[in-house]
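Okay, so here's the structure we're looking at.
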Amino acid sequence: MHVLLLSLLLHAAPATPVGPGARGDLPRGAAPSKAEGPAAGAVSPETRARLLRREVAQVALAQVRAPDAAWQPAQRDCAGLIRYAYRTAYRRVASERLATPLWKDTRGAPADFADAETLLARNFTALGRDAATRDALRTGDVVAFRQEHDAGPVFHLMLVVRPEDRAHAPARVVYHSGERGAAVRTGVLASLATEAPLEWRPVPANAAFLGFFRFKEWMS
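Sequential numbering of the sequence shown, starting at 15, is according to our numbering.
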């Protein structure tokens, strides 16, 4: 995936420390290691959802400072950031869920790997494309684009991080450009919608903007 021309908007947020138990994203076909974390039923569904979102935010923002060694270099792209943040969050909060693969492949079968297009098609649900939907986004949601190139379409995903107390900090996006060795970047979501080049604005007028998406298991 090509580099985003958004450096003027992307001011690195202070990296949030990551707790113990982080693991790398699994390569295709690899079996997950033994899960860690609280036993099933240890927390209520509401508490689990809140903790999962909090961990996703912490893991994603920590990669802005420096990628975790456990996040395999071969997996470092926009979809890999989402897979890594989600997998690490589940390992810390709800490890029993990782007894089966977290993702679905192109056929809808459980899988440890899903690229950006497959994450959108099989694992996330479209929420909408308008400003009202943007204002209602929560941590773990995704901003998705599809850019047309001579070699074919390229999908790009940005992970939303939104503080639980919205009055004290704006919603941010965290993403990896997909280029080898590139840094993870972060920026303010509202600035992306108003100041970025049109092809990268999450607004209805941008034909490359696919919309906002939420993990299907978090739709309730």
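Glycine included, C-beta positions come from ideal geometry on N, C-alpha and C.
All of these numbers come straight from a predicted model, not from anything done at the bench.
Can you round the beta-carbon distance between P115 and A108 to whole angstroms, since I take them to be within the 8 angstroms contact cut?
-> By 1-based counting over the sequence shown, the position of residue 115 is 101. By 1-based counting over the sequence shown, the position of residue 108 is 94. Not quite, the Cβ-Cβ distance comes to about 14 angstroms (not below 8 angstroms), so this is no contact.
Residues near T132 in its chain [Cβ-Cβ closer than 7 angstroms; skip 5 each side] | In the sequence shown, the residue the question calls residue 132 occupies position 118. Same-chain partners within the cutoff: D119 and T120.
What residue does the alpha helix (DSSP H) around V73 start on, and which one ends it?
-> Numbered from 1 along the sequence shown, position 59 holds the residue referred to as residue 73. For V73, the uninterrupted alpha helix (DSSP H) segment begins and ends at P59 to R79.
Same chain, Cβ closer than 6 angstroms to R67, five either side skipped, listed in chain order = Along the sequence shown, one-based indexing puts residue 67 at 53. Setting aside the 5 residues that flank it on each side, R67 is surrounded in the same chain by T153 and G154, each with a C-beta closer than 6 angstroms to its C-beta; the list follows chain order.
In terms of residue numbering, what span does the beta strand (DSSP E) encompassing A166 cover?
-> On the sequence shown, residue 166 is found 152 positions in, with the first residue counted as 1. Note that residue 166 is Gly in the sequence shown here, rather than Ala. Where G166 is concerned, the enclosing beta strand (DSSP E) stretches over G166 to V175.
Let me know the secondary structure DSSP gives G235 once reduced to three states.
-> Within the shown structure, residues of the chain are numbered from 15 to 234, placing residue 235 beyond reach of any answer.
L116 lies in the beta strand (DSSP E); which residues open and close that run?
-> Taking the first residue of the sequence shown as 1, we reach residue 116 at position 102. Neither: L116 is in no beta strand (DSSP E) and is coded neither H nor E.
M233 classed as buried or exposed, judged by whether at least 16 other C-beta atoms fall within 10 angstroms = The residue labelled residue 233 in the question sits at position 219 within the sequence shown. Exposed.
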